[in-house]
């Protein structure tokens, strides 16, 4: 894609997000993490506290998508994009649904933040943060919330 | 502060973060949320899934800091700042420690992401995301992780 046909930063980010939804659906960890910067800092919904680097993020995606049987739903809602000149970030709620290889059904809402910057004419993800809140009384993750 | 004395975007963000650490220490919810944009989107460590607007974020900060007795520790570690021209974001681990009014001690590590943009010459926080990961087997929030 030449610069002249790229559209706005926000358009480009929406296209990248659509590709990620498709990659999750297809359980394609390589495609899902193809836009990760080599030095990405990832705060994931599951431990560790953080992961450093694209290889660690890809390994986590392979673990996740390897536990599912069949297509994985990855609905995005309340997407908000703040597009600067050279940095962009997006926040959204996402509903992950599907069936695991052990037969268990998954259907939960998470919150996601993505931060990107331009590198050699392409957008790369330099930071991602995905989580659910937890109940302070019980210490349980709040897996049954919905927008 | 005049533009000529502002320093770099990264310097400005570091100063803002230092002010937030001090505000938590002082249990000053108003100061802590003084840089929040009116339309901030907040993904907090405790439910709801999200909060919209500075008033909701301030009310949550008042609830939090009102449960503490004495100064609150808010150590920041592994701060990473990506500073664009007009948008900036920061990710870091933060250790929250102190004693609650019921006598219980708190000492835990969280992950935080802040996204800011320039508005009338000042930086405002348009998005924040704070969380801990959870254990997929037990469903418990992982409150005992440390970097």
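Chains as they are written, first to last, in my numbering: chain B, -6 to 140; chain C, -6 to 140. Idealized CB from N, CA, C, for every residue including glycine.
| Item | Value |
| --- | --- |
| Residue of C:67, C:120 and C:28 minimising C-alpha distance to residue 45 (chain C) | C:120 |
| CA-to-CA distance, residue 107 (chain B) to residue 31 (chain B), given in whole angstroms | 15 angstroms |
| The stretch 79 to 101 of chain C: positions lying closer than 8 angstroms to chain B by Cβ | 79, 80, 81, 82, 84 and 86 |
| Contact list for the stretch 5 to 23 of chain C against chain B, Cβ threshold 9 angstroms | none |
| Alpha-carbon to alpha-carbon, residue 113 (chain C) and residue 37 (chain B) | 34 angstroms |
| Between the CA atoms of residue 61 (chain B) and residue 9 (chain C) - distance to the nearest angstrom | 43 angstroms |
| Residue 103 (chain B) to residue 39 (chain C) span [Cα, whole Å] | 13 angstroms |
| Amino acids of chain B, ordered along the chain, whose beta-carbon sits closer than 8 angstroms to that of residue 75 (chain C) | 80, 108, 110, 119 and 120 |
| Nearest to residue 99 (chain C) (by Cα), restricted to the options C:67, C:53 and C:25 | C:67 |
| Coil, strand or helix - residue 66 (chain C) by DSSP | strand |
| CB contact below 9 angstroms: residue 40 (chain C) versus chain B | yes |
| Which listed residue (C:1, C:2 and C:6) has its alpha carbon closest to that of residue 85 (chain C) | C:6 |
| Residues near residue 129 (chain C) by beta carbon distance below 8 angstroms, same chain, minus five either side | none |
| Three-state secondary structure (DSSP) of residue 59 (chain C) | helix |
| Proximal chain B residues relative to residue 125 (chain C), where beta-carbon distance stays under 7 angstroms | 127 |
| Contact set between residue 163 (chain B) and chain C, taken where Cβ atoms lie within less than 8 angstroms | Residue 163 (chain B) is absent from the structure shown; chain B starts at -6 and stops at 140. |
| Residue span of the alpha helix (DSSP H) that contains residue 7 (chain B), given as start and end | 2 to 18 |
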